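Shown next, in structure tokens, is the structure this report addresses.
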Amino acid sequence: MTSKVPINQDRLINGDEKEFKSLFDLLYVGMVQQATFYTNDFAVAEDVVQEIFVRLWEKRGELKSVQNLEGYLLLSVKNRCLNYLEHQQVVDKYKQYCLLQEIQDDDDEDPEQFIEDIGKLLDKLPEKRKMVLELCVIESKSYAEIADLLGISLNTVKDHVKKAYAFLREELRREVSFPVLFFALYFKGKVYLNK
Numbered sequence: 001m002t003s004k005v006p007i008n009q010d011r012l013i014n015g016d017e018k019e020f021k022s023l024f025d026l027l028y029v030g031m032v033q034q035a036t037f038y039t040n041d042f043a044v045a046e047d048v049v050q051e052i053f054v055r056l057w058e059k060r061g062e063l064k065s066v067q068n069l070e071g072y073l074l075l076s077v078k079n080r081c082l083n084y085l086e087h088q089q090v091v092d093k094y095k096q097y098c099l100l101q102e103i104q105d106d107d108d109e110d111p112e113q114f115i116e117d118i119g120k121l122l123d124k125l126p127e128k129r130k131m132v133l134e135l136c137v138i139e140s141k142s143y144a145e146i147a148d149l150l151g152i153s154l155n156t157v158k159d160h161v162k163k164a165y166a167f168l169r170e171e172l173r174r175e176v177s178f179p180v181l182f183f184a185l186y187f188k189g190k191v192y193l194n195k
């Protein structure tokens, strides 16, 4: 067996944990970098690579036919990332469908116009308030995390979120649900619907 990495594949196949750890230490960072390139999300990239290593350990007997271990793992990263992205497209379309259904169920107005209206209103928020709202809604950060990140008090974060929702409610003359707000923030400036 030939391999570009200095790993004894026979020992790895036979369950040598030191050999596995050496392989992990040698390739992990590069594999995460490649996965990040595909997914554009470091946390997802780390998950992808960890899943690959778990599967490699569990199915190490299948490595007997692998001639280039590093190439095999990098191809696994690419394939797993492409599968993840394909799955995300399905999830995103389903979320979009559900959100649009929610908007349509609430009102007879055009859902795309409603999202666009929310986007325009979000632009009217003070910059700090909008940033707090984005961190809360898009990045799912807790109030404490936002306070720490921005160097402001927890009460200030709560106040920004409360005032942002109040502003939207007052301007739109209706409540804006969290999912609709997420949709408006996430897709701000993008084409909202694929007609």
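Quick note on numbering: UniProt numbering labels position 140 of the sequence shown as 140, and the sequence is numbered without any gaps.
Just so it is clear, CB atoms sit at the ideal spot from N, CA and C, and this is done for glycine as well.
Since the structure is predicted, the reported quantities are computational estimates derived from the model, not experimental observations.
Original post:
How would you call Ile138, buried or exposed, if buried means at least 16 neighbouring beta carbons within 10 angstroms?
Top reply: Locating residue 138 in the sequence shown gives position 138, counting from the first residue. Looking at its Cβ environment, which holds fewer than 16 other Cβ atoms inside 10 Å, Ile138 is exposed.
Original post:
Around the Cβ of His87, are there at least 16 other Cβ atoms within 10 angstroms (buried) or fewer (exposed)?
Top reply: Numbered from 1 along the sequence shown, position 87 holds the residue referred to as residue 87. Label assigned to His87: exposed.
Subject >> Environment of Cys174 [buried if 16+ CB atoms lie within 10 Å] >> reply: Within the sequence shown, the letter at position 174 stands for residue 174. The sequence as given places Arg at residue 174; Cys does not occur at that position. With fewer than 16 other CB atoms across the displayed protein chains lying within 10 angstroms of its CB, Arg174 is exposed.
Subject >> For Arg80, the three-state DSSP class (helix, strand or coil) >> reply: Working through the sequence shown from its first residue, we reach residue 80 at position 80. Helix, per DSSP.
**OP:** Leaving out five residues on either side along the sequence, give the residues of the same chain with a beta carbon under 8 Å from the beta carbon of Asp117.
**Re:** Position 117 of the sequence shown holds residue 117. Once the five neighbours on either side are set aside, the close Cβ partners of Asp117 are Leu172.
**OP:** Enumerate, from N- to C-terminal direction, the unbroken beta strand (DSSP E) stretches of 3 or more residues contained entirely within the stretch 13-94.
**Re:** If we require 3 residues or more, the stretch 13-94 turns out to have no beta strand (DSSP E) run fully inside it.
Original post:
Starting from Pro179 and walking both ways along the alpha helix (DSSP H), at which residues does that stretch end?
Top reply: Taking the sequence shown and counting its residues from 1, one reaches residue 179 at position 179. It spans 178-186 - the alpha helix (DSSP H) in which Pro179 sits, taken as one unbroken run.
Subject >> alpha helix (DSSP H) runs wholly inside the stretch 129-176, at least 4 long, in chain order >> reply: 143-150, 154-172
Subject >> Distance between beta carbons of Arg129 and Ala164, contact taken as under 8 Å >> reply: Taking the sequence shown and counting its residues from 1, one reaches residue 164 at position 164. Taking the sequence shown and counting its residues from 1, one reaches residue 129 at position 129. About 5 Å separates the two Cβ atoms, so the contact holds.
Original post:
If you run the structure through DSSP and keep just helix, strand and coil, what is Ile115?
Top reply: Counting from one through the sequence shown, the residue named residue 115 turns up at place 115. It is helical.
Subject >> Coarse secondary structure for Leu125, derived from DSSP in three states >> reply: Translated into positions along the sequence shown, residue 125 becomes position 125. Note: Leu125 maps to coil in three-state DSSP.
Subject >> Option in Ile115, Lys162, Gln113, Leu26 with minimal Cα separation from residue 202 >> reply: In the structure as shown, the chain begins at 1 and stops at 195. Residue 202 is therefore absent and cannot be evaluated.
Original post:
Does the stretch 56-65 come close enough to the stretch 28-48 to have 3 or more Cβ pairs within less than 8 Å?
Top reply: no
Subject >> Glu46 versus Lys64: straight-line alpha-carbon distance, rounded >> reply: Reading the sequence shown from its first residue, position 46 is the one you call residue 46. Reading the sequence shown from its first residue, position 64 is the one you call residue 64. In a straight line, the C-alpha of Glu46 is about 26 Å away from that of Lys64.
Original post:
Which value, in whole angstroms, describes the spacing of the CA atoms of Val49 and Ile7?
Top reply: Locating residue 49 in the sequence shown gives position 49, counting from the first residue. Locating residue 7 in the sequence shown gives position 7, counting from the first residue. Going by the C-alpha atoms only, they are around 18 Å apart.
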